[in-house]
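Engineer: Encoded as structure tokens, here's the structure I'll be asking about.
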């Protein structure tokens with residue numbers, strides 16, 4: 468059984484409530500149930516934190532034992548060299564995901580500090596970006 472870790476960053480705990488015109492009306496927990504049902508052959512673990520250091524600790528914890536990490540670093544995508552370094556430090560492949568098309572938003576969202584350390588990037592497909600990342604990893 469493949470082990471996949473999803474790591475969501477700041478403010479993603481507010482999905483379903485936060486800016487529904489950008490992020491939709493569904494909570495991540497509801498979507499996670501659908502994802503687990505679609506991929507019963509995978510163990511899908513979920514972690515969300517608004518704290519950069521906690522996200523780094525999770526990468527370190529699973530980054531040598533899991534088959535893949537799906538990471539939506541939220542706003543840390545655009546600022547965190549520390550997350551970039553943590554991703555590069557582990558052997559588990561990481562797929563960067565974003566719910567929105569960040570290139571159609573504010574210019575400060577156009578640069579990712581973590582993309583170069585990741586296996587790939589999927590963005591702009593709503594919550595389905597996570598399913599596409601699952602497909603890429605399995």
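Numbering (our numbering), first residue to last: 468 to 605. The beta-carbon is built from N, C-alpha and C at its ideal position, and this holds for glycine as well. This one's a predicted model, so the numbers in the text were calculated from it and none came from an experiment.
#1: Could you check which residue in 499, 504, 469 and 585 has the C-alpha nearest to that of residue 515?
#2: With a CB to CB cut of under 8 Å and the five nearest residues on each side skipped, what residues in its chain are close to residue 531?
#3: When the Cα atoms are used, what is the spatial distance from residue 484 to residue 585?
#4: Please name the residue, chosen from 573, 545 and 599, that lies closest to residue 583 on a Cα-to-Cα basis.
#5: Could you tell me which of 570, 574, 539 and 482 sits nearest to residue 600, measuring between CA atoms?
Structural biologist: In this structure, then:
#1: 499
#2: 557, 558 and 559
#3: 29 Å
#4: 545
#5: 539
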